[in-house]
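One structure is given here, and the rest of the page talks about it.
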Amino acid sequence: MMQRRHTLLGVIVLGAWSIALVPGVAHAQSKTDTPDFSGVWGPYRGGRGADPKLAPPPASALALNPEYAKPYEARRAAEAVANSRGEPLANASVACVPYGVPSMMSVAVYPIEIIQTPKQVTIIAEAFSEVRRVYMDKPQVKIDDVPPGYYGRSVGRWEGDTLVIDTVGIKESVQYQRMPHSDQIRISERMRLVAPDVLHDQITITDPVVLEKPYTYTLAYRRMTDYEMVEFVCDNNREYVDDQGIVRLRVREK
Amino acid sequence: MIAAPRSRTCALAILVAAILANAGPGMAHHSFAMFDQTKQITLTGTVTVFEWTNPHAYIEIDVPDEKGTVKHWSVELGSPSILMQSGWKFKDLKHGDKVTVRISPLKDGRPGGLLVQATLPDGRVLGNGPGRGPAQPTTGAPNQ
Numbered sequence: 087m088m089q090r091r092h093t094l095l096g097v098i099v100l101g102a103w104s105i106a107l108v109p110g111v112a113h114a115q116s117k118t119d120t121p122d123f124s125g126v127w128g129p130y131r132g133g134r135g136a137d138p139k140l141a142p143p144p145a146s147a148l149a150l151n152p153e154y155a156k157p158y159e160a161r162r163a164a165e166a167v168a169n170s171r172g173e174p175l176a177n178a179s180v181a182c183v184p185y186g187v188p189s190m191m192s193v194a195v196y197p198i199e200i201i202q203t204p205k206q207v208t209i210i211a212e213a214f215s216e217v218r219r220v221y222m223d224k225p226q227v228k229i230d231d232v233p234p235g236y237y238g239r240s241v242g243r244w245e246g247d248t249l250v251i252d253t254v255g256i257k258e259s260v261q262y263q264r265m266p267h268s269d270q271i272r273i274s275e276r277m278r279l280v281a282p283d284v285l286h287d288q289i290t291i292t293d294p295v296v297l298e299k300p301y302t303y304t305l306a307y308r309r310m311t312d313y314e315m316v317e318f319v320c321d322n323n324r325e326y327v328d329d330q331g332i333v334r335l336r337v338r339e340k
Numbered sequence: 003m004i005a006a007p008r009s010r011t012c013a014l015a016i017l018v019a020a021i022l023a024n025a026g027p028g029m030a031h032h033s034f035a036m037f038d039q040t041k042q043i044t045l046t047g048t049v050t051v052f053e054w055t056n057p058h059a060y061i062e063i064d065v066p067d068e069k070g071t072v073k074h075w076s077v078e079l080g081s082p083s084i085l086m087q088s089g090w091k092f093k094d095l096k097h098g099d100k101v102t103v104r105i106s107p108l109k110d111g112r113p114g115g116l117l118v119q120a121t122l123p124d125g126r127v128l129g130n131g132p133g134r135g136p137a138q139p140t141t142g143a144p145n146q
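So the protein sequences, as listed, match chains G and R.
Throughout, my numbering is defined as the position within the first sequence, counted from one, plus 86.
Throughout, my numbering is defined as the position within the second sequence, counted from one, plus 2.
Next comes the structure, spelled out in structure tokens:
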């Protein structure tokens, strides 16, 4: 009797131990009916002979409410004049702060890395080592319940082959292409493979306060097999803003 | 040695300007408007330090003029990730190396500029990232 009890206990312990050894296995694999976006993705540029269907469609027209359109256009005009003088006006990039959502999804030629599990999709941008987490199959909370930040709160779900992401809680200083927005901004994304190694992310920004109608643009990525992400810590930022509000480059005397 | 500035706008400068002008939906780290990309000057000097850093790498060089008077220049490059895509490695330059760089100078006249291309001590000529100058990728370049 005692021996049987020991054997039973041993089986239970061994069973629990073996489950503990492989905790990630059950979660690391995606459902078989959903595509796997895991991997590194660089900007897709098409190029000669490329299938035009893989190119992202053009962005929609930006429709700001009139009270926001005027200062936005004035700022753009002032920036153009300042740039032509070689005296760019200060903006957030001077301080080397991250871009946040949605800008971090496409920074120059830097890739992003996607780590996909059933419960969470994690997106890491090489530029500035930015990280966003998309909680799968969780309800979104009210906008006012999310402390405004760079990444807000993202939830996702699969609609067939499309990963649909909803993000709220982006603070007003975190702007895409310096577009103004209110604390009511909502960012919806639809990520889908348009070819085995080409991924599209259709990004729609809605903001009932600032935008007359939603603004939509699409990013295209190509799979970068075996690419190892390069670290990016902004520890040698030589730009500064002078007392005229102009961005300068610090040069060294020797 | 400082070569005479090229006054004409060359096709390469236009290409660089177009790539750096933040066309399309992506973000660039900063405006490159502080550099005069219609001009290029060539500097030959001695590397004091090669900083393989973010958001940009820098080559610091001492450049003697015809009379031997040394002037120091700061040359901005892309980031390490972008440079690796055009064949650069973090050990490609070190203190004391002789290097020739072609740069677009700062518009405010201070001794600094944006790299167009560099001729390394071993003779390799490297640009400033993919599509920026005469890239000669080596086997160390990431997959494309």
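A virtual CB, placed ideally from N, CA and C, is assigned to each residue, including glycine.
ask   = In the DSSP assignment, what are the bridge partners of alanine 320 of chain G?
value = Numbered from its first residue, the first sequence carries residue 320 of chain G at position 234. The question names alanine, but residue 320 of chain G is cysteine in the sequence shown. DSSP lists R/Asn56 as partners of cysteine 320 of chain G.
key: Residue closest to arginine 336 of chain G, alpha-carbon to alpha-carbon, out of R/Thr44, R/Pro66, R/Val51 and R/Tyr60   = Reading the first sequence from its first residue, position 250 is the one you call residue 336 of chain G. The shortest Cα separation from arginine 336 of chain G among R/Thr44, R/Pro66, R/Val51 and R/Tyr60 belongs to R/Tyr60.
message = If you measure between the beta carbons of arginine 334 of chain G and methionine 36 of chain R, is that distance less than 8 angstroms?
response = Indexing the first sequence from 1 puts residue 334 of chain G at position 248. Indexing the second sequence from 1 puts residue 36 of chain R at position 34. Contact: yes.
query = Using the beta-carbon of each residue, which ones in chain R are nearer than 8 angstroms to arginine 338 of chain G?
reply = The residue you call residue 338 of chain G lines up with position 252 of the first sequence. Under the 8 angstroms cutoff, chain R gives Glu62, His74 and Ser76.
task = Counting only runs of 3+ residues fully inside the region 232-277 of chain G, write out the beta strand (DSSP E) ranges in chain order.
result = 239-245 and 248-254
inquiry  = If the criterion is Cβ atoms closer than 8 angstroms, does the pair serine 146 of chain G and leucine 305 of chain G meet it?
reply    = Reading the first sequence from its first residue, position 60 is the one you call residue 146 of chain G. Reading the first sequence from its first residue, position 219 is the one you call residue 305 of chain G. Not a contact, by the Cβ cut-off of 8 angstroms.
message = Let me confirm a value: tyrosine 237 of chain G is counted as buried when at least 16 other C-beta atoms fall within 10 Å, else exposed. Which label applies?
response = Taking the first residue of the first sequence as 1, we reach residue 237 of chain G at position 151. Buried is the call here.
message = My parser needs the beta strand (DSSP E) runs of 3 or more residues fully inside the region 60-85 of chain R; what are they?
response = Correct list: 60-66 and 72-78.
ask   = Name the chain R residues that come within less than 8 angstroms of glutamate 212 of chain G, Cβ to Cβ?
value = For the purposes of this step, residue 212 of chain G is identified with residue 126 of the first sequence, where counting begins at 1. Within chain R, the C-beta atoms nearer than 8 angstroms to that of glutamate 212 of chain G come from Ser83, in chain order.
ask   = If you scan the region 188-229 of chain G from start to end, which runs of the alpha helix (DSSP H) of 4 or more residues do you find wholly inside it?
value = none
ask   = Mind listing which residues of the region 96-118 of chain R have their C-beta closer than 8 angstroms to chain G's C-betas, in chain order?
value = Leu108, Lys109, Asp110, Arg112, Pro113 and Gly114
CB contact flag (leucine 95 of chain R, valine 101 of chain R, <8 angstroms) = By 1-based counting over the second sequence, the position of residue 95 of chain R is 93. By 1-based counting over the second sequence, the position of residue 101 of chain R is 99. The answer is yes: Cβ separation under 8 angstroms.
ask   = At what residues does the beta strand (DSSP E) containing serine 106 of chain R begin and finish?
value = For the purposes of this step, residue 106 of chain R is taken as the residue at position 104 of the second sequence. Counted as a single uninterrupted DSSP element, the beta strand (DSSP E) harbouring serine 106 of chain R occupies residues 100-107.
key: Contact under 8 angstroms by Cβ, isoleucine 105 of chain R with isoleucine 63 of chain R   = Locating residue 105 of chain R in the second sequence gives position 103, counting from the first residue. Locating residue 63 of chain R in the second sequence gives position 61, counting from the first residue. Taking 8 angstroms as the Cβ cut-off, isoleucine 105 of chain R and isoleucine 63 of chain R do not qualify as a contacting pair.
ask   = Mind checking whether proline 225 of chain G and glycine 255 of chain G have CB atoms under 8 angstroms apart?
value = Sequence index remark: in the first sequence, residue 225 of chain G carries index 139 (1-based). Sequence index remark: in the first sequence, residue 255 of chain G carries index 169 (1-based). No, Cβ-Cβ distance for proline 225 of chain G and glycine 255 of chain G is not below 8 angstroms.
task = Within the same chain, show all residues whose beta-carbon is closer than 8 angstroms to that of phenylalanine 123 of chain G, passing over the 5 residues directly before and after it, in chain order.
result = Counting from 1 along the first sequence, the entry for residue 123 of chain G is found at position 37. Ile200, Gln202, Val207, Leu249, Met277, Leu279 and Leu285, listed in sequence order.
message = Residues of chain G with CB closer than 8 angstroms to the CB of glutamine 87 of chain R, please, in chain order.
response = Within the second sequence, the letter at position 85 stands for residue 87 of chain R. Correct list: Val195.
ask   = Is valine 49 of chain R helix, strand or coil by DSSP?
value = Taking the first residue of the second sequence as position 1, residue 49 of chain R is located at position 47. Note: valine 49 of chain R maps to strand in three-state DSSP.
query = Any C-beta of chain R sitting closer than 8 angstroms to the C-beta of proline 174 of chain G?
reply = Walking along the first sequence from the start, residue 174 of chain G turns up at place 88. Cβ-Cβ to chain R under 8 angstroms: yes for proline 174 of chain G.
request  = Can you give me, in chain order, the residues of the region 137-166 of chain G that have a beta carbon less than 7 angstroms from any beta carbon in chain R?
outcome  = Those residues of the region 137-166 of chain G that come within reach of chain R (Cβ to Cβ, closer than 7 angstroms) are Ala145.
request  = Indicate, with yes or no, if the ligand FMN has a heavy atom lying under 7 angstroms from the CB of proline 225 of chain G.
outcome  = The model depicted lacks the ligand FMN and carries no ligand whatsoever.
ask   = Straight-line CA distance for serine 9 of chain R to threonine 40 of chain R?
value = As a first step, residue 9 of chain R is located in the second sequence; it is residue number 7 there, counting from the start. As a first step, residue 40 of chain R is located in the second sequence; it is residue number 38 there, counting from the start. Note that serine 9 of chain R has pLDDT 44, beneath the 50 cutoff, so the model's placement of it is unreliable and the number below is only indicative. Going by the C-alpha atoms only, they are around 7 angstroms apart.
request  = Determine the extent of the alpha helix (DSSP H) in which valine 167 of chain G is found, giving its start and end residues.
outcome  = Numbered from 1 along the first sequence, position 81 holds the residue referred to as residue 167 of chain G. Segment 152-171, the alpha helix (DSSP H) holding valine 167 of chain G.
message = Taking a contact to mean a Cβ-Cβ separation below 8 angstroms, would you say lysine 109 of chain R touches aspartate 38 of chain R in this structure?
response = Along the second sequence, read from residue 1 onward, the residue named residue 109 of chain R stands at position 107. Along the second sequence, read from residue 1 onward, the residue named residue 38 of chain R stands at position 36. Yes. Within cutoff.
ask   = If you draw a straight line from the C-alpha of tyrosine 326 of chain G to the C-alpha of arginine 219 of chain G, how long is it?
value = In the first sequence, the residue the question calls residue 326 of chain G occupies position 240. In the first sequence, the residue the question calls residue 219 of chain G occupies position 133. Approximately 32 angstroms between the Cα atoms of the pair.
query = Comparing the C-beta of alanine 120 of chain R with each C-beta of chain G, is any distance below 8 angstroms?
reply = One-based indexing of the second sequence puts residue 120 of chain R at position 118. Closer than 8 angstroms: no.
query = Just checking my contact of serine 81 of chain R with proline 66 of chain R at CB under 8 angstroms: how many whole Å lie between their CB atoms?
reply = Indexing the second sequence from 1 puts residue 81 of chain R at position 79. Indexing the second sequence from 1 puts residue 66 of chain R at position 64. Beta-carbon to beta-carbon, serine 81 of chain R and proline 66 of chain R are separated by about 30 angstroms, too far to satisfy the 8 angstroms threshold.
inquiry  = Do leucine 116 of chain R and phenylalanine 34 of chain R have their beta-carbon atoms positioned less than 8 angstroms apart in this structure?
reply    = Counting from one through the second sequence, the residue named residue 34 of chain R turns up at place 32. Counting from one through the second sequence, the residue named residue 116 of chain R turns up at place 114. Against a cut-off of 8 angstroms, the Cβ pair of leucine 116 of chain R and phenylalanine 34 of chain R comes out as a contact.
request  = Name the one or two DSSP bridge partners that glutamate 325 of chain G has.
outcome  = As a position in the first sequence, residue 325 of chain G is number 239, starting the count at 1. G/Leu335, per the DSSP bridge assignment.
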